[in-house]
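Each number in the working numbering corresponds to the 1-based position in the sequence shown with 82 added. For every residue, glycine included, the Cβ atom is placed at its ideal position computed from N, Cα and C. As the structure is a computational prediction, the values presented were derived from the model and not from experiment. Working notes, beginning with the structure itself.
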Amino acid sequence: MEQTAYIESPLGITTIIGDEEGVSVISVTKEGELSTEIPEVLQEAVQQLQEYFEGKRTDFTFKLNPKGTEFQQKVWKSLLEIPYGKTVSYMDQTKKLGDIKAIRAVASANGKNPLWIVVPCHRVIGTNGSLTGYAGGIWRKKWLLEHENPTQQQSLF
83 MEQTAYIESP LGITTIIGDE EGVSVISVTK EGELSTEIPE VLQEAVQQLQ EYFEGKRTDF
143 TFKLNPKGTE FQQKVWKSLL EIPYGKTVSY MDQTKKLGDI KAIRAVASAN GKNPLWIVVP
203 CHRVIGTNGS LTGYAGGIWR KKWLLEHENP TQQQSLF
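Put into structure tokens, the structure is as follows:
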């Protein structure tokens, strides 16, 4: 049975949903009631997210279990290859996935990413370096990229 926790973050209330199979959703909202008790199956995720926001963590090791199509899963898996502090363009990501004609489908799958921050779709930017397309809002994407303090805006793929 899935359980839910709500924690405070610099970007709003973070919702974490998961079960023994892993975390399936991490999202952000403007308001909500914070959890007074964190379910055991979510404690590791909560701790690691708090460490990320404190600048003490650059990667995540808790079990993920996002729900999506086979194509979405493939796109989300490719996001996990983008290192902390680096960015790639949507075209770079699409080329790495093997079909440059699929750029809109790739961008759409990024937009449906259910695991905010942990599956780092915020690290994908426009070819011209613009901060385009972020479901959490461009201001959050900008905050996350500045938090991670990328030293180079270069393609990794």
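By the Cβ-count criterion, residue 92 is exposed, with fewer than 16 other Cβ atoms from all chains shown falling within 10 Å of its own Cβ. For the pair residue 116 and residue 90, the CB atoms are nearer than the 8 Å cut-off. The beta carbons of residue 208 and residue 160 sit no closer together than 8 Å. Within the same chain, and ignoring the five residues on either side of residue 230 in sequence, the residues whose Cβ sits closer than 6 Å to its Cβ are 166 and 167. For residue 135, the closest of 185, 95 and 183 by C-alpha to C-alpha distance is 95. Setting aside the 5 residues that flank it on each side, residue 191 is surrounded in the same chain by 154 and 157, each with a C-beta closer than 6 Å to its C-beta; the list follows chain order. Under the three-state reduction of DSSP output, residue 172 falls in the helix class.
Spatial neighbours of residue 84 in its own chain (CB-CB distance under 6 Å, excluding positions within 5 residues in sequence) are listed in chain order as 99 and 101. Annotation for residue 191: the continuous alpha helix (DSSP H) segment containing it runs 185-193.
Taking C-alpha positions only, residue 127 is separated from residue 105 by approximately 8 Å.
Burial state of residue 86 is exposed, judged by a 10 Å Cβ sphere holding fewer than 16 other Cβ atoms.
Secondary structure at residue 90: strand, using DSSP grouped into helix, strand and coil. Under the DSSP assignment, residue 108 falls outside any alpha helix (DSSP H), being part of the beta strand (DSSP E) whose first and last residues are 104-111. The residues 147, in chain order, have a CB closer than 6 Å to that of residue 103 in the same chain once the five nearest residues on each side in sequence are set aside. Beta-bridge partners assigned by DSSP to residue 197: 108. Of the residues 202, 139 and 121, the one whose Cα lies closest to the Cα of residue 227 is 202. By the neighbour-count criterion, in which a residue is buried when 16 or more other Cβ atoms sit within 10 angstroms of its Cβ, residue 220 is exposed.
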